[in-house]
Amino acid sequence: MRSRMILLLIVSLIGFWSGLVSGEDAYMYYTWTVTYGTAAPLGVPQQVILINAQFPGPNLDCVTNDNIILTLINKLDQDFLLTWNGIKQRKNSWQDGVLGTNCPIPPNSSYTYKFQTKDQIGTYTYFPSTLMHRAAGGFGALNVYARSVIPVPYPTPDGDFTLLIGDWWYSSTHKALQLTLDSGMPLPYPEGILINGQNASTLSGHPGKTYMFRVSNVGLSTSFNWRIQGHQMKVVEVEGSHVIQNTYDSIDVHVGQSVTALVTLDQPPMDYRIVASTIFTDSPLLTATAILHYSNSQGIVADMPPGGGGGGDVEWSVEQARSFRWNLTANAARPNPQGSFHYGEINTTRTLLVANSAPVIEGKQRYAVNGVSYVNPDTPLKLADYLNISGVFRLDGAWEGELATAVVGTALHDFVEIVFQNHEDAIQTWHLDGYDFWVVGFGKGNWTESSREGYNLVDAFTRHTVQVYPKYWSAVLVWMDNQGMWNLRCSMWGRQYLGQQLYIRVYDPVHSLSNEYHMPTNALLCGRALP
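The sequence shown lines up with residues -23 to -1, 1 to 508 when you count with mature numbering (1 follows the signal peptide of the UniProt record, and there is no 0).
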């Protein structure tokens, strides 16, 4: 009997370990080649950046916890990097793909990114983080689907559409736009809006069916409002958070942001306009239109007006933003409810006030955070920190002068309040790599400590990018649980390029692989990190 019990125990253990092996998270392998090409998205042939001959780049579709092994081959005439907008890179800022963490990939060279979509779902994007490459393309969708064992809080859609919408220039190349910025001038107003790299495209569906629309603002500078003629949009997910499922006639999407909505084809069998138009700008309205085609339509486009949203009305947009709230009973990428983490009951460790400005420094237009315009050092901050290379950066109060390499120091597991203060007449958006944060408040005028009385400490949802309305403030709470060097930047790319960014160093003096991975063996070296 005893020997039989031992045998059963051995068999059980073998089965247990076999289950672990067979249940290992999937590995997805890709090879992407970056080249120049020619396209005419606004009817004028121009140079664009292609990935595997595609503009926009290929969709990177994966499942929660997939391991991505992606070799990027740079065939441009300039250094190049991709960043994964909204992917948390758990313990792995080495793969973030920005100049503060990575040396860029030289021409005719390659680098293999290795990262995991750990405990994430949702609609995200990738794009070039170097120079002004983003103005020429190189961007694409990064969609993370839920594991089959984790239910989502809505019926499975009958189809899935990705809409990459953003502003565009055709009379200036990305190099010409960079020269404009380098000369001390701001970016010119864009010349058009594209939907999936075009100014006219068609999406087809069947009457009575429900489709998921994944919408991302991949532009450089401009917010837009989008809507589908005659149809209601039920928002179900925003940047990795399942939200209360409200319906909207139109939705504002700001630079760098993504939103996911369900749309049922419940109208008469015709073709309907999908419209995106610029908002929060004094310049002429720019509009892009695609077609939602019913499979039983005769190709007749409905003549009813496409409708519209707030058209850049701040109060309307703020109220819509406040209506996006966490679905506390729904799971996220894990089976536990989103509301099981009671963020509103945690005492903050520190408050970081981030005030944007547009100073003229040495006769040239720059953009700044708290009066300091960021300058990229010759060596990535992450490399300098890991290899103990002195003289590359100093923390917090050591910022000196109007031009500096600004780095804020925090301790691992700090709980930080970040207040974005916008004194300007233009809307801003801000993004933090490696993290989601709870957007707990918007307010007019100057933030004060009493502003906390209006915070949503119950069901604010988490996201990685927040808008800051003109002459408004926005407040977020973030748990610094992801060790590394992380970029906090204005998502308006011209402002980021001219210094409106900084880095947050999340640090623990005890080195442990449970907190952060070692430097990759294939890490590129540059600057003072070269042997």
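Backbone N, C-alpha and C fix where the C-beta goes; we use that ideal spot for every residue, glycine too.
Just so we're clear, the structure is a prediction, and the values are computed from it rather than from any experiment.
For Thr8, DSSP records a beta bridge to Thr48.
Counting along the chain, the unbroken alpha helix (DSSP H) around Trp470 starts and ends at 470 to 474. DSSP places His488 in the coil class of the three-state scheme, outside both helix and strand. Between Trp415 and Tyr271, the gap from beta carbon to beta carbon reaches 8 Å or more. Between Met457 and Leu358, the gap from beta carbon to beta carbon reaches 8 Å or more. Excluding residues up to 5 positions away in sequence, nothing lies with its Cβ nearer than 6 Å to the Cβ of Pro245 in the same chain. Excluding residues up to 5 positions away in sequence, Asn399, Phe419, Gly420, Lys421 lie with their Cβ nearer than 7 Å to the Cβ of Tyr449 in the same chain. Selection Leu329, Asn324, Leu305 evaluated against Phe318 yields Leu305 as nearest (Cα-Cα). For the stretch 12 to 62, the continuous beta strand (DSSP E) assignments of 3+ residues that do not extend past its boundaries occur at 23 to 28, 37 to 40, 44 to 51, 59 to 62, in sequence order. With respect to the 8 Å criterion, Val393 and Leu329 are classified as neighbours on the basis of their beta carbons. The shortest C-alpha to C-alpha distance from Pro163 to any of Ile28, Tyr474, Leu262 is the one to Tyr474. With three or more CB-CB distances shorter than 8 Å, the stretch 190 to 206 counts as touching the stretch 256 to 263. DSSP places Thr325 outside both helix and strand once states are collapsed to three, so it counts as coil. Ranked by Cα distance from Leu360, the options Asn51, Ile46, Asp73 are led by Asp73. Contact between Asp2 and Gln93 holds, since their C-beta atoms are separated by about 7 Å, short of 8 Å. Only residues of its own chain outside the window of five on either side were considered, and among them Gly504, Arg505 have a CB closer than 7 Å to the CB of Asp355, listed in chain order. Considering only Asp135, Asn223, Gly217, Glu214, the residue with the shortest C-alpha distance to Pro184 is Asp135. In this structure, the CA atom of Val349 is about 25 Å from the CA atom of Thr325. Secondary structure note for Val291: its alpha helix (DSSP H) is the uninterrupted segment 291 to 300. For Tyr363, there is no enclosing beta strand (DSSP E); the enclosing alpha helix (DSSP H) covers residues 358 to 363.
Nearest neighbour of Leu47 by Cα position, chosen from Leu389, Trp61, Asn347, Asp54, turns out to be Trp61.
Every beta strand (DSSP E) stretch that sits fully inside the stretch 108 to 187 and reaches 3 residues is listed by chain position as 117 to 122, 136 to 145, 169 to 172, 179 to 182. With respect to the 8 Å criterion, Tyr131 and Ile98 are not classified as neighbours on the basis of their beta carbons.
Between the alpha carbons of His110 and Ile268 lies a gap of roughly 29 Å. Beyond the five residues adjoining it in sequence on each side, Lys341 comes within less than 7 Å, by CB distance, of Gly161 in the same chain, given in chain order.
For Trp203, the uninterrupted beta strand (DSSP E) segment begins and ends at 200 to 205. In the DSSP assignment, Met462 is bridged to Arg482. Note that the C-beta distance between Ile50 and Thr107 is not below 8 Å. DSSP, read as helix, strand or coil, puts Ala500 in coil. Shortest Cα-Cα distance from Lys211 to any of Gly196, Gly217, Phe190 involves Phe190. The beta-carbon separation of Gly143 and Ile26, rounded to 14 Å, does not stay under the 8 Å limit for a contact.
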